[in-house]
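Residue numbers (the numbering used here): -12 to 235.
Glycine included, each C-beta is placed from N, C-alpha and C at the ideal position.
To start, the structure under review is shown below, and the notes come after it.
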Amino acid sequence: MDFAEKHYSIDPGEGKKMDGCPYSTFEDGRDVQDFIIPPKGYVFSGFRFDPNSSNQIYDGKLIAQYEKEAFNERLKSNLWKFILAFVIIVAIAVIALLAANVFKGPKTSQPKPKQPATMVDTAVTQPQQETVAPVDSTPTAPAVSNETVSPTPTETQPEPTPAITDDPFRSAFWDLIHQRVIQMDPYHELFVNNKGKASGEEYDYLRFTILKDSQAFKEWTSKLKRIPDTELETISDINTLIQRINAY
């Protein structure tokens, strides 16, 4: 199969490539195009194959190609910037209006002129108020029973057993580690088959550490081979694996 026989190095050209970008197993580079970062104002358009016969490690080199981004695409990509600027301007205007109303203060009203008092003596007879005896409105407390009510015992419900999920990617990853596989292809095949589907510490460690580049892979496998079998079989989490790899 071409997957096992062909290996192409990646050249980002005028752009950049993400850390951990592996080699490609296809001449059109379709399995690594997600690792390419185009320069500003351009979009990735594909790879140009360069046989690169002087390189004995790879079967050739793939050079990333770019084309000018269309105006409507640039407008869409920058639309959120215009919306954010509009929201900020509106927020500043509202705050300014509220601050102006606070410092302006309330309007002062002019007091009405007093009317001159008339010189007429008026005798106002206040009606006598009848004295009404207060009514005792204190509620009568209900009678308290002397019977002792024992609390009803509550049954203790058993806690549900957490569900155990089976992760095929994680299982396959640790199988490669425990079997001490030192070929790069099985790791790369595992990455390609689970790209966009798997996540977590194992996936990130596979992508950015094990498959970072060929030299890093050789150094990593040389340390993996030094871990004793009995110790390697007990490792089942990334932190422990990193500690044991760094110890050698």
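Review point. Where do the ends of the alpha helix (DSSP H) carrying Arg35 lie?
Key: The count along the sequence shown starts at 1 and reaches residue 35 at position 48. Looking at the DSSP string, Arg35 is not in any alpha helix (DSSP H); the run it does join, the beta strand (DSSP E), is Tyr29 to Asp37.
Review point. From what residue to what residue does the alpha helix (DSSP H) around Lys55 run?
Key: By one-based count along the sequence shown, residue 55 stands at place 68. No alpha helix (DSSP H) contains Lys55, which is instead part of the beta strand (DSSP E) from Lys48 to Lys55.
Exercise for review: Output the boundary residues of the alpha helix (DSSP H) element that contains Ser201.
Suggested key: Taking the sequence shown and counting its residues from 1, one reaches residue 201 at position 214. Looking at the DSSP string, the run of the alpha helix (DSSP H) that includes Ser201 is Ser201 to Leu211.
Review point. In angstroms, rounded to a whole number, what distance separates the CA positions of Asp237 and Thr12?
Key: Only positions -12 to 235 of the chain appear in this structure, which leaves residue 237 out of reach.
Check your understanding: Over what stretch of residues does the beta strand (DSSP E) that includes Asp172 continue unbroken?
Key -> Looking up residue 172 in the sequence shown gives position 185. Premise fails: Asp172 lies in the alpha helix (DSSP H), Met171 to Asn181, not in any beta strand (DSSP E).
Review point. Helix, strand or coil for Asp(-2) per DSSP?
Key: Taking the sequence shown and counting its residues from 1, the one referred to as residue -2 is at position 11. Three-state DSSP puts Asp(-2) in a strand.
Review point. Looking only at its own chain, which residues have a Cβ that is under 8 Å from the Cβ of Lys212, when we skip the five neighbours before and after it?
Key: For this step, residue 212 is matched to residue 225 along the sequence shown. Around Lys212: Arg167 and Ile169.
Review point. For Ser137, does the three-state DSSP call read helix, strand or coil?
Key: Numbered from its first residue, the sequence shown carries residue 137 at position 150. Annotation note: pLDDT 49 at Ser137 (below 50); position unreliable, coordinate value reported separately. If DSSP states are grouped into helix, strand and coil, Ser137 belongs with coil.
**Study point:** C-alpha distance - Leu163 paired with Asp37, whole-angstrom precision
**Key:** Position 176 of the sequence shown holds residue 163. Position 50 of the sequence shown holds residue 37. Each residue's alpha carbon lies about 33 Å from the other.
Review point. Can you name the residues that DSSP bridges to Ile23?
Key: Sequence index remark: in the sequence shown, residue 23 carries index 36 (1-based). For Ile23, which the question treats as bridged, DSSP gives the partners Lys4.
Exercise for review: Using DSSP bridges, identify the partner residues of Ser11.
Suggested key: As a first step, residue 11 must be located in the sequence shown, where it is residue number 24. For Ser11, which the question treats as bridged, DSSP gives the partners Tyr(-5).
Check your understanding: Leu275 lies in the alpha helix (DSSP H); which residues open and close that run?
Key -> Residue 275 lies beyond the range of the chain shown here (-12 to 235); nothing can be said about it.
**Study point:** Exposed unless 16 or more other CB atoms sit within 10 angstroms - verdict on Arg194
**Key:** Taking the sequence shown and counting its residues from 1, one reaches residue 194 at position 207. Buried, because 16 or more other Cβ atoms sit within 10 Å of the Cβ of Arg194.
Check your understanding: DSSP on Ile214, reduced to helix/strand/coil?
Key -> Stepping through the sequence shown from its first residue, residue 214 is reached at position 227. Looking at Ile214 - three-state DSSP - the assignment turns out to be coil, as it is neither helix nor strand.
Check your understanding: Between the C-alpha atoms of Asn233 and Ile214, what's the straight-line distance to the nearest angstrom?
Key -> Within the sequence shown, the letter at position 246 stands for residue 233. Within the sequence shown, the letter at position 227 stands for residue 214. One C-alpha to the other measures close to 11 Å.
Point to revise | Of the listed residues Glu14, Ile76 and Ser32, nearest to Gly47 (C-alpha basis) | key: Here residue 47 refers to the residue found at position 60 of the sequence shown. The shortest C-alpha separation from Gly47 is found at Glu14.
Practice item. Out of Lys182, Asn39 and Thr217, state which residue places its alpha-carbon closest to the alpha-carbon of Asp(-2). Key: Here residue -2 refers to the residue found at position 11 of the sequence shown. For the residues Lys182, Asn39 and Thr217, the minimum Cα distance to Asp(-2) belongs to Asn39.
Check your understanding: Relative to the alpha-carbon of Ser186, which residue among Phe160, Phe73 and Lys68 has its alpha-carbon at the smallest distance?
Key -> Counting from one through the sequence shown, the residue named residue 186 turns up at place 199. Checked all of Phe160, Phe73 and Lys68; the closest Cα to Ser186 is Phe160.
Exercise for review: Please check the pair His175 and Leu219, which I expect to be a contact at CB under 8 Å, by giving their CB distance rounded to whole angstroms.
Suggested key: Reading the sequence shown from its first residue, position 188 is the one you call residue 175. Reading the sequence shown from its first residue, position 232 is the one you call residue 219. The pair is not a contact, with the Cβ atoms about 21 Å apart (cut-off 8 Å).
Check your understanding: Expressed to the nearest angstrom, what Euclidean distance is found between the alpha-carbon atoms of Ile75 and Phe31?
Key -> Working through the sequence shown from its first residue, we reach residue 75 at position 88. Working through the sequence shown from its first residue, we reach residue 31 at position 44. Their Cα atoms are separated by approximately 33 Å.
Check your understanding: By Cβ distance below 8 Å, which residues in the same chain neighbour Tyr29 in space, the five residues on each side in sequence not counted?
Key -> Mapped onto the sequence shown, residue 29 falls at position 42. Same-chain partners within the cutoff: Glu1, Gly2, Tyr53, Glu54, Lys55 and Glu56.
**Study point:** Helix, strand or coil at Glu117 [DSSP, three-state]
**Key:** Residue mapping note: residue 117 aligns to position 130 of the sequence shown, counting from 1. Residue confidence is low: Glu117 scores 49 on pLDDT, short of 50, so the model does not pin down where it sits. No coordinate-derived value is stated.
Check your understanding: In three-state DSSP terms, what is Leu66?
Key -> Along the sequence shown, read from residue 1 onward, the residue named residue 66 stands at position 79. In this structure, Leu66 counts as helix in the three-state DSSP scheme.
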